[in-house]
Amino acid sequence: MAEHADTQALLRLVTWLSPAFPVGSFSYSGGLEQAIHDRLVTGADDLRFWCETLLDHGTTWNDALLLAEGYRACDDAARLIAASELAEALAGSRERHMETMLLGEAFLAAVGHWPHASLEFPGARAAYPVAVGAVAGAHRTGLEAALAAFLNATISNAVSVAIRCGVTGQRDGVGMLARMEKTIGAVATRAARASLDDLGAATIIADIASLRHEILHSRLFRT
Numbered sequence: 000m001a002e003h004a005d006t007q008a009l010l011r012l013v014t015w016l017s018p019a020f021p022v023g024s025f026s027y028s029g030g031l032e033q034a035i036h037d038r039l040v041t042g043a044d045d046l047r048f049w050c051e052t053l054l055d056h057g058t059t060w061n062d063a064l065l066l067a068e069g070y071r072a073c074d075d076a077a078r079l080i081a082a083s084e085l086a087e088a089l090a091g092s093r094e095r096h097m098e099t100m101l102l103g104e105a106f107l108a109a110v111g112h113w114p115h116a117s118l119e120f121p122g123a124r125a126a127y128p129v130a131v132g133a134v135a136g137a138h139r140t141g142l143e144a145a146l147a148a149f150l151n152a153t154i155s156n157a158v159s160v161a162i163r164c165g166v167t168g169q170r171d172g173v174g175m176l177a178r179m180e181k182t183i184g185a186v187a188t189r190a191a192r193a194s195l196d197d198l199g200a201a202t203i204i205a206d207i208a209s210l211r212h213e214i215l216h217s218r219l220f221r222t
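Counting from 1, position 146 in the sequence shown corresponds to residue 145 in numbering that gives the first Met the number 0; the numbering is continuous, with no gaps.
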């Protein structure tokens, strides 16, 4: 019975964080398109450094902590509201805010196919990592597993952006994901044991790229 529950949780995480899940994550780059335009990211090695830096010290790390908070607060509407408001406040640019809120809204709309009576989510609007965390928490997927799936999906989307922008090929992109498995797992473990007191980012270049993307004259992605 426990094995069946673990398999069900795995399938749900894989589905919810799949590129096929209708949240439109493929249309966002989180500022990576601007970094590619500025030639800060020109190949697979640069891309890996960019992703690892965000995982350890940037918005991806903060998103992991916000997901963990959403997971723990899945049955506490007031705490979920506070977590989502904090996520909005941490958005360093208009595009970053748009990305996390629109992804969250789309996720909550699509995940209605898996209703859960104990989920105390306040309305249909929340920052993306908080929304994912709350739903995963209600379905008892396991916090560390939810974090690993979310972080892997985030890095996979960055690889997809880089491929579409022509700075790396599919084989090198998949190879980068393979090399980053340990890093993603370690960050998931660290985030599961951390708290909101550990929030913080020091990725100024990435933040500036997100800001500058707002006026990029020709672009493929919304952020």
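Even glycine gets a Cβ: it sits at the ideal position worked out from N, Cα and C.
Nothing here was measured: the structure is a model prediction, and the numbers come from that model.
Margin query: Looking at SER28: is its Cβ nearer than 8 angstroms to the Cβ of THR222?
Written below: Your numbering for residue 28 matches position 29 in the sequence shown. Your numbering for residue 222 matches position 223 in the sequence shown. By the CB criterion at 8 angstroms, SER28 and THR222 fall inside the cutoff.
Margin query: So, at 6 angstroms on beta carbons, what are the nonlocal neighbours of MET0 in its own chain, with the 5 sequence-adjacent residues on each side left out?
Written below: Locating residue 0 in the sequence shown gives position 1, counting from the first residue. Its pLDDT being 45, under 50, MET0 is placed unreliably by the model, and the measurement read from it follows with that caveat. Counting only residues of its own chain and dropping the five nearest sequence neighbours on each side, MET0 has no CB closer than 6 angstroms to any other CB.
Check: If you run the structure through DSSP and keep just helix, strand and coil, what is MET0?
Finding: Your numbering for residue 0 matches position 1 in the sequence shown. The pLDDT assigned to MET0 is 45, lower than 50, so where the model puts this residue is not dependable; a value taken from the coordinates is nonetheless given after this. DSSP, reduced to helix, strand and coil, places MET0 outside both helices and strands of the structure shown, so it counts as coil.
Notebook entry, point to check: Under three-state DSSP, which class holds VAL22?
Noted result: The residue you call residue 22 lines up with position 23 of the sequence shown. Looking at VAL22 - three-state DSSP - the assignment turns out to be coil, as it is neither helix nor strand.
Next item on the list: Taking ALA148 as the reference, give the member of THR167, GLU180, ALA123 with the closest Cα.
Entry: Numbered from its first residue, the sequence shown carries residue 148 at position 149. Comparing C-alpha distances from ALA148 to each of THR167, GLU180, ALA123 shows the shortest one belongs to GLU180.
Next item on the list: Would you kindly report the start and end of the unbroken alpha helix (DSSP H) that includes VAL110?
Entry: Translated into the one-based positions of the sequence shown, residue 110 becomes position 111. Bounds of any alpha helix (DSSP H) do not take in VAL110, whose DSSP letter is neither H nor E.
Check: From ARG163 to PHE220, what distance separates their C-alpha atoms?
Finding: Mapped onto the sequence shown, residue 163 falls at position 164. Mapped onto the sequence shown, residue 220 falls at position 221. Approximately 10 angstroms, taken between the alpha carbons.
Margin query: So, for VAL160: in the same chain, excluding its five sequence neighbours on each side, which residues have a beta-carbon less than 7 angstroms away from its beta-carbon?
Written below: Numbered from its first residue, the sequence shown carries residue 160 at position 161. Once the five neighbours on either side are set aside, the close Cβ partners of VAL160 are SER28, LEU31, GLU32, PHE220.
Note to self: Mapping the DSSP letters down to three states, classify TYR27 as helix, strand or coil.
What the structure shows: Residue 27 sits at position 28 when you count from the first residue of the sequence shown. Coil.
Item checked: Proximity below 8 angstroms, CB of LEU150 to CB of TYR127 -> Your numbering for residue 150 matches position 151 in the sequence shown. Your numbering for residue 127 matches position 128 in the sequence shown. Taking C-beta atoms as the reference points, LEU150 and TYR127 fail to come closer than 8 angstroms.
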